[in-house]
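Novice: The numbering used here applies: residue 468 is where the sequence shown begins, and numbers increase by one. Cβ atoms here follow ideal geometry from the backbone N, Cα and C, with glycine treated the same way. Quick one: this structure, given as structure tokens, is what I'll be asking you about.
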Amino acid sequence: AVVAYQDYLLAEDYQEGIDQDARILGWSMTKSVGNALFGIMDKNGAIDIEATPDIPQWQEDDRKDITVSHLLQMSAGLDWTESYSSLTNATRMIFMEKDHVKYSCLAEAEHPPGEHWYYSSGTSNILSGILRNKFDSFDDYLAFPYDSLFAPLGMHSAVIEMDNVGNHVLSSYCWATARDWTRFGLLYLYRGNWLGKQIFTEDWTDYSTSAAPASDGKYGAQIWINENPWRMPSVPTDAFYEQGFGGQRILIVPSMDLVVTVMSGNQPDFDFNSFYEQVFECLGEE
């Protein structure tokens, strides 16, 4: 775990066999990396999130009305099962399909876009395909996260794995040290600004951390929010967080000037709320 408070790296602690140089898989925290990449594209005027993506097989049915924003907000209305205990869309995509984007785009419309929220790793990989189509060359697409996000932040440990056809797996497969994951959280605390350079706009931060209309106050755009504090009743409602399967979480609390990164070692039932209560007590922020 790493605690950054009021611009200081205040505390860090590691289990035996893990140290500050160990790359740790973020699982679905990678979705928030995808958010940042779209934020950079938005700042550069390279994407319109209110536009519909150019996915040919969607143009002849109800999916033609899905916007990039619907996808970012997990409100595209696609038929998908996000469960990891059996063979589902999510596990088949991650472990069996060579092309995660192509497979995810096969999902049929189940609800009108924007009216139903459902968490979907397939949606995040559709976004990866949309991103890929914005680049003139494969090399430019591959380099984009490193040149535009990781290098400016000093996240030199960060690596995004690809599927078998070269798509960044933006649902699941970014690795970084706990310190570098904390840098990523600080970027959002600083509203997209890093050492005077605006990586993405403040408006993008607001969009990303505002509730998707269909999410009941629990999700923004590839980022969880605490407006509805169903997971963390002891945490301020201005908080938001990036979360991965197995107990990985970056908590950002703007009202406390605080970022807490926990990589709990494959403990999906880790009690984050109680842990944060202890952190707040240590900081005098109860």
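Using a 10 Å radius around the Cβ and a threshold of 16 neighbouring Cβ atoms, would you call residue 560 buried or exposed?
Specialist: buried
Novice: Could you name the residues of the same chain whose beta carbon sits closer than 6 angstroms to that of residue 693, not counting the 5 residues immediately before and after it, in chain order?
Specialist: 699, 702, 704 and 706
Novice: Return the chain-ordered ranges of every alpha helix (DSSP H) run that is complete within the stretch 495–553 and spans a minimum of 4 residues.
Specialist: 497–510 and 535–539
Novice: Grouping DSSP H, G and I as helix and E and B as strand, with all else coil, what is residue 578?
Specialist: Residue 578 falls in the coil class under three-state DSSP.
Novice: Could you tell me which residues DSSP pairs with residue 641 in its beta bridges?
Specialist: Bridge partners of residue 641: 627.
Novice: For residue 557, collect the residues of the same chain with a Cβ closer than 6 angstroms to its Cβ; drop the 5 residues on either side in sequence, then sort them by chain order.
Specialist: 549 and 588
Novice: From the DSSP output, which residues share a beta bridge with residue 492?
Specialist: 642
Novice: Tell me whether residue 610 sits in a helix, a strand or coil according to DSSP, three-state version.
Specialist: Residue state for residue 610 is assigned as helix, using DSSP reduced to three classes.
Novice: Can you find the residues in the same chain that come closer than 8 angstroms, C-beta to C-beta, to residue 479, ignoring five residues on each side of it along the sequence?
Specialist: 468, 469, 470, 487, 645 and 646
Novice: Less than 8 angstroms between the beta carbons of residue 518 and residue 545, yes or no?
Specialist: no
Novice: Verify whether the separation of the beta carbon atoms of residue 594 and residue 653 is less than 8 angstroms.
Specialist: no
Novice: Between the Cα of residue 656 and the Cα atoms of 642, 640, 641 and 673, which residue gives the shortest distance?
Specialist: 673
Novice: Mapping the DSSP letters down to three states, classify residue 594 as helix, strand or coil.
Specialist: helix
Novice: Is the beta carbon of residue 543 less than 8 angstroms from the beta carbon of residue 580?
Specialist: yes
Novice: Leaving out five residues before and five after residue 722 in sequence, what residues of the same chain have Cβ atoms less than 6 angstroms from its Cβ?
Specialist: 703 and 705
Novice: Rounded to whole angstroms, what is the Cα-Cα separation between residue 585 and residue 643?
Specialist: For residue 585 and residue 643, the distance between alpha carbons rounds to 27 angstroms.
Novice: Per DSSP, which one or two residues make a beta bridge with residue 660?
Specialist: 665
Novice: For residue 513, collect the residues of the same chain with a Cβ closer than 7 angstroms to its Cβ; drop the 5 residues on either side in sequence, then sort them by chain order.
Specialist: 601
Novice: Report back the beta-carbon spacing between residue 494 and residue 715 to the nearest angstrom; my notes put them in contact at under 8 angstroms.
Specialist: 6 angstroms
Novice: Residues bridged to residue 691 by DSSP?
Specialist: 686 and 708
Novice: Could you check whether residue 535 and residue 597 sit closer than 8 angstroms to each other, using their CB atoms as the reference points?
Specialist: Yes, they are a contact pair.
Novice: Measuring CB atoms only, is the stretch 627–641 touching the stretch 664–681, in the sense that at least three cross pairs come out at less than 8 angstroms?
Specialist: no
Novice: Using C-beta distances below 8 angstroms, list every residue in its chain close to residue 679, excluding the 5 sequence neighbours before and after it, in chain order.
Specialist: Result list for residue 679: 540, 541, 542, 584, 686, 687 and 688, in chain order.
Novice: Would residue 503 and residue 667 be called neighbours here (beta carbons separated by less than 8 angstroms)?
Specialist: The answer is yes: Cβ separation under 8 angstroms.
Novice: What number of angstroms, rounded off, separates the C-alpha of residue 709 from the C-alpha of residue 717?
Specialist: 5 angstroms
Novice: Quick one: measure Cβ to Cβ for residue 473 and residue 738, integer angstroms, because I've assumed they're closer than 8 angstroms.
Specialist: The C-beta distance from residue 473 to residue 738 rounds to 25 angstroms, too long to meet the 8 angstroms contact threshold.
Novice: Using 10 angstroms around the beta-carbon of residue 623, count the other beta-carbons present and answer buried if the total reaches 16, otherwise exposed.
Specialist: exposed
Novice: Report the partner residues of residue 479 according to the DSSP bridge assignment.
Specialist: 469
Novice: So, helix, strand or coil for residue 715, using DSSP?
Specialist: Three-state DSSP puts residue 715 in a strand.
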